[in-house]
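Residue numbers (my numbering), protein chains in the order written: chain A, -15 to 760; chain B, 1325 to 1406; chain C, 1325 to 1406; chain D, 51 to 300. We treat Cβ as the ideally placed atom computed from N, Cα and C, and that holds for glycine. Scroll down for the structure; my scribbles are underneath it.
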Amino acid sequence: MPNEQSTASPEEAVVHVDTVSAAQASPDVAQPYRELGLKDDEYTRIREILGRRPTEAELAMYSVMWSEHCSYKSSKVHLSYFGKTTTDEMKSKMLAGIGENAGVVDIGDGWAVTFKVESHNHPSYVEPYQGAATGVGGIVRDILAMGARPVAVMDQLRFGPADAADTRRVLPGIVSGVGGYGNCLGLPNIGGEVVFDESYAGNPLVNAACIGVLRSEDMYTAHASGAGNKVILYGSRTGLDGIGGVSVLASDTFSGDGSAGAGSNARRKLPSVQVGDPFAEKVLIECTLEVFAADLVVGIQDLGGAGLSCATSELASAGDGGMHVWLDKVPLRATGMSPAEILSSESQERMCAVVTPDKVEAFLEVCRKWEVEADVIGEVTDTGRLVITFHDEVVVDVPPRTVAHEGPVYSRPVERPASQDVLEANTPDSLERPSTPEELRETILRMIASPNLCSRAWVTDQYDRYVRGNTVLAQPADSGVVRVSDDSNLGVSMATDCNGRYTALDPYHGAQLALAEAYRNVVTGGAAPTAVTNCLNFGSPEDPAVMWQFSEAVKGLADGCAQLGIPVTGGNVSFYNQTGTTAILPTPVVGVLGVIDDVRRRTIVGVGQEAGETLILLGETLDEFGGSEWANVVHNHLGGRPPAVNLDTERVLGEILIAGSRDGMISAAHDLSEGGLAQAVVEMCLTGETGARIVLPADLDPFVALFSESTARVVVAVPRSEELRFTEMCQARQFPMTRIGVVIPEEPVLDIQDVATLSLDELRTAWEGTLPALFA
Amino acid sequence: MARVEVDVVIKTEILDPQGKAILGALGRAGHSGVTEVRQGKHFELVVDDDISDADLEGIAEHFLANPVIETWTVRRVPESGL
Amino acid sequence: MARVEVDVVIKTEILDPQGKAILGALGRAGHSGVTEVRQGKHFELVVDDDISDADLEGIAEHFLANPVIETWTVRRVPESGL
Amino acid sequence: MTDASNSQASNGQAPNSDTNLTGARIGVITFPGTLDDVDAARAVRYAGAEAVALWHADDDLQGVDAVVVPGGFSYGDYLRAGAISARTTVMGAVVEAAKGGLPVLGICNGFQVLTESGLLPGALMRNEHLRFICRDQWLRVENNTTVWTTRYEPGAEILVPLKNAEGRYVADASVIDELEAEGRVIFRYVGAEGDHNPNGSLGDIAGISSADGRIVGLMPHPEHAIDALTGPTDDGLGIFLSVIDSLLKV
Ligand SMILES: Nc1ncnc2c1ncn2[C@@H]1O[C@H](COP(=O)(O)OP(=O)(O)O)[C@@H](O)[C@H]1O
Ligand SMILES: [Mg+2]
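Here it is, written out as structure tokens:
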């Protein structure tokens, strides 16, 4: 290809190659399996599987594929609960589920949607910009590999304290990395999270999500079937970047020194960092969609963590035979790469396709059009084995399933720590509460300016939300919504949420609270929740207390999904998120996908659309402050019970909001979550640039009314003309409802009767000033 | 006042997407005589005469380059260079 | 194969916000000995031995720099530099 | 405001793909890495013309009546935004045709391509605050006599998305003076004092034109403001309607 660097011929440099016959001849050679993250018994098992010692290339493959990150060895036994709790009815719209690159659901009209969240936590701490950028790149390729056009991205970010020096180092880099990659790729960013908590200092979380759409008949999966079919590697060249990335950065051997190589070729000090090339990925996407459209591929797989090791073994084991790969055909960017290095490289922006022989030329032609380098590197066989040769010498000869799917499975010790009782007993009840109007006014301003509640605009303004022209809702909406195509009014919606403070107090219900909030955010925009994904960020699985949090969270999420009737279609687990031995708050990020039949009916957050609007609070407010943002901001307190979850109530609330938007009964809505009613009302006024007068319910303490974080609540703005119809609908469903005020277009103030009158300017200054002051 | 130039380049084993794209463009424009391009950063500093080499090294490492992915060279430029 | 380096810098009359930001950061970190920073680009090319100076100048002027806002210098690097 | 607001697009209907009401054919160029070509083509169709896809490697403009060079990150914005695209085959053809009076609009990355290819003076540099910025931006239409702006009232203020990392317009003082004197500053950033200029552009310049007003480049994105469902307003449609008007007059 004209725009590539000259081929670095492997013959130029002397490459030490460990072959299968050498392995047979030297069974007792000591191998550095421990440095590669393998335990003694795991290494013994590899020897049993092969009946000999592994070659260096095989060792590199097994070690990376058997890492926690790729094999889910500590989580598998728990994740199986998702399968057990998914009924046939829940599965009815699922075209692909757990186990595929990403879940796929049918959304009607012949359209399907695929979506997934993935973590890139450790790489982003080491190199914030590139770590975050390649996190976005990786999840987008996952979605592409399902045969879908990626149409939107989201990012879930968690940092140490907002004013910590290290946060100032990592946050701007991570945000510009997410933006730099996503913007250049042409994918609108339609939502996400930014959360600050002490526990993430030294271990920020960078999760990235992508949504793709496809015609349901066009779904692809990663499988290599049909002996004689060709395996084509296309995209960027394979280089030395990111070697050891998975085993060093994303698994239990994380050391941050970037010194690990692969096999006995750890001779070079290789950086474990990958540099993203979003331009190459954009071209790769268009090229891939063109080969899909021309029906040129049988199966496809993205190259992510574990590079070719993962792609070849997964393709081969999902197919019906075996595979032969000629590793010397892989286009390289560096000289003298060993087979182990080529297999382990995590060079970005690469894909692997299985193509019937008669279509190879047409496939390569599309690649030439897009100036994407492509080479046939292998062939599907009927041997049942994955055989990899390097200049005619066999360097790998393994049963592919043993690499990709039959890795070790651990039932790690699980134990509820005694400290959990202490945490629960330390309730917020004795915390001093504001009571006078002055104190309440002060608290409102302090809360809306606090790092977890203030405007995210400083972050989201760095993301393109308009590109592709189909974005119907994006920040500061509760959920993002994109139209599936130009000539349709069908839309998909997505929201992701997690409150790690709630999950710390009660992992089972904390995970359900995350689910409830994401569900509520989706229905608030007017969409019907359809499916769930997750990204489970936890500490070390070797800590029984962490495993307890993990198992509880999985159970809570699965039970919650069963109760709501929406399936978990996939997810991601990230362990070892800790600084020293202190784990992060358990952070099971839950993503809910929704469908909206007519995007023109979506509900916005800002009030003031209609001449007269009544504000109605749906749901019940209790005195619930355990894990609340108020306890955090004002008292730096975490203890007690999180707010109660009631998923049946959430479901009815959802029905009301969906019907309200569909039938044009509501002109704006915003759900209540962290910061409670005060936060929601302030955001509705500021977003709509319109004032409101609020009368708090007489039977409630004003402090509780304003700041409680009781769930299943939403504020809706109802046009005067619709008020009766709307309230009758709520009454028919016996849903608690309180008229709390009106919109006052004539006056730019938020007037909370008997508490405070705040000008919108003053509120805006408080809400918008925080992040720019910290990070600009 | 002295002048210092610092060149920062991406480590050779790490992908340089910009260099790759420029090479492609040169090829299309018929400049086939160029076989490799890497793009880095070039800084020109004006510094006090008494600044030490160690100081300059520290500035390059901590402010001008990202040691995780880049290497750098520091060069004092003779006055006439101004 | 020969090696060539091209440095491209923003014309002095044009604002260089990157240089300014670095200068600010250096000041806050106590590196008061630096009084000016300008950031430009540094290119390292591998070229055929027979490439002419005029060719190189053309590549710099028409590709690597934008003469509206930038100036450049081309420098052949002795082989030992590789 | 634009008098485009009563157009067929503003009723929130899903766009109708191939309504060529006017017979006008407007080319939309795609370079590798172009992103907003789909949006530009949609805007052309909303305005009632046919959008003709032009590929970077083509030297044939297929007889189009006008060309839009859309936004995005062509060639990744590597080297300099627009630099590599300006040297492609299709741009050679556009430069040639522009000499003969073909109307050309460059949006964002397209504006950068037009300055890099010498069709418009000056250059677009890294934003002063060094960040990518995406926001809804007020612009004042300073000149409604170019082929791309006749649908606007003189001095109209329009709200359209802006999104760029390298949108700071710079040029020699003499060039700026000339642009101002000749009324070739077509769009200017306006809004709250202190916050109106999103990137540090000289003279708050958001868009300029060639001397004959047939070539216009601007950083903000009118093609993202053609329907209040997916953009802040439909204020951007006037640009596409304007050029179609001028084509119909001939
Ligand atoms: N990292 C991010 N990337 C993109 N959008 C974000 C990010 N963080 C927050 N947002 C958006 O900002 C808005 C406010 O966020 P948040 O208060 O967390 O929403 P909610 O409480 O409804 O979950 C939402 O639209 C959200 O999607
Ligand atoms: Mg919300």
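Query, Result
"Per DSSP, the bridge partner or partners of Ser558/A", "Asn521/A"
"Residue-level contact to chain B via CB, Ile134/D, 7 Å cutoff", "yes"
"Partner residues on chain D for Glu1383/C, Cβ-Cβ distance less than 9 Å", "Note on identity: in this sequence residue 1383/C is Ile, with Glu being the wrong assignment. By Cβ distance, chain D contributes nothing, its closest Cβ being about 12 Å from Ile1383/C, past 9 Å."
"heavy atom of ligand 1 below 6 Å from Asp181/A C-beta", "no"
"Run of the alpha helix (DSSP H) containing Leu174/D, from where it starts to where it stops", "Leu174/D -> not in any alpha helix (DSSP H); beta strand (DSSP E) instead, spanning Ala173 to Met175."
"Exposed unless 16 or more other CB atoms sit within 10 angstroms - verdict on Thr195/D", "exposed"
"Chain B within 7 Å of Asp1340/C, Cβ atoms only", "no"
"Beta-ladder partner(s) of Pro513/A, from DSSP", "Gly578/A"
"Proximity test, Cβ basis, 7 Å: Glu1360/C and chain B", "yes"
"For Pro204/D, three-class secondary structure by DSSP", "coil"
"Asn61/D classed as buried or exposed, judged by whether at least 16 other C-beta atoms fall within 10 angstroms", "Low per-residue confidence applies at Asn61/D: pLDDT is 35, beneath 50, and the placement is therefore not dependable, though the value from the model is reported in the following sentence. Burial call: exposed."
"Burial state of Thr1336/C (16 or more Cβ within 10 Å)", "exposed"
"Distance CB(Leu229/D)-CB(Phe161/D) smaller than 7 Å", "no"
"Glu746/A, enclosing alpha helix (DSSP H) - first and last residue", "Leu744 to Phe759"
"Three-state secondary structure (DSSP) of Glu707/A", "helix"
"Stretch-stretch touch, CB-based, cutoff 8 Å, three pairs: the segment 304 to 323 of chain A with the segment 209 to 225 of chain A", "yes"
"Proximity below 7 Å, CB of Arg369/A to CB of Gly283/A", "no"
"Limits of the beta strand (DSSP E) - the one that Arg1400/C falls within", "Glu1394 to Val1401"
"Interface flag, Phe182/D vs chain A, CB-CB below 7 Å", "yes"
"Proximal residues to Asn66/D (C-beta, below 6 Å), its chain only, five neighbours per side dropped", "In this prediction, Asn66/D has a pLDDT of 44, which is less than 50 and means its spatial position is unreliable; nothing more can be read from the coordinates."
"Beta-carbon gap between Ala652/A and Ile724/A smaller than 7 Å", "no"
"Any C-beta of chain D under 7 Å from that of Ala1326/B", "no"
"Amino acids of chain A, ordered along the chain, whose beta-carbon sits closer than 7 Å to that of Lys213/D", "Asp448 and Tyr450"
"His493/A burial status per 10 Å Cβ neighbour count (16 or more: buried)", "buried"
"CA-to-CA distance, Asp126/A to Asp381/A, given in whole angstroms", "27 Å"
"Pairwise C-alpha distance: Pro11/A and Ser248/A", "Note that Ser248/A scores 28 on pLDDT, short of 50, meaning its location in the model is unreliable; the coordinates nonetheless yield the value given after this. Going from the Cα of Ser248/A to the Cα of Pro11/A covers about 15 Å."
"Contacting positions in the segment 1364 to 1380 of chain C - beta carbon closer than 7 Å to chain B", "Gly1364, Lys1365, His1366, Phe1367, Glu1368, Leu1369, Val1370, Val1371, Asp1372, Ile1375 and Asp1379"
"7 Å Cβ cutoff met for Ala433/A and Thr151/A", "no"
"Cβ-Cβ separation, Glu634/A to Tyr503/A (assumed contact under 8 Å), whole Å", "6 Å"
"Beta carbon of Gly660/A nearer than 7 Å to that of Leu489/A", "no"
"Between the CA atoms of Leu152/D and Leu111/D - distance to the nearest angstrom", "11 Å"
"Contact list for Ala1389/B against chain D, beta-carbon separation under 8 Å", "In chain order: nothing, as chain D lies at least about 17 Å away."
"Stretch-stretch touch, CB-based, cutoff 8 Å, three pairs: the segment 87 to 102 of chain D with the segment 111 to 125 of chain D", "yes"
"Partner residues on chain A for Val1392/B, Cβ-Cβ distance less than 7 Å", "Val110, Glu111, Pro255 and Val257"
"Of the listed residues Leu742/A, Tyr218/A, Met531/A and Val583/A, nearest to Val360/A (C-alpha basis)", "Tyr218/A"
"Exposure label - Gly229/A; buried when at least 16 CB within 10 Å", "The predicted position of Gly229/A is uncertain, since its pLDDT is 38 and thus under 50; no value can be drawn from it."
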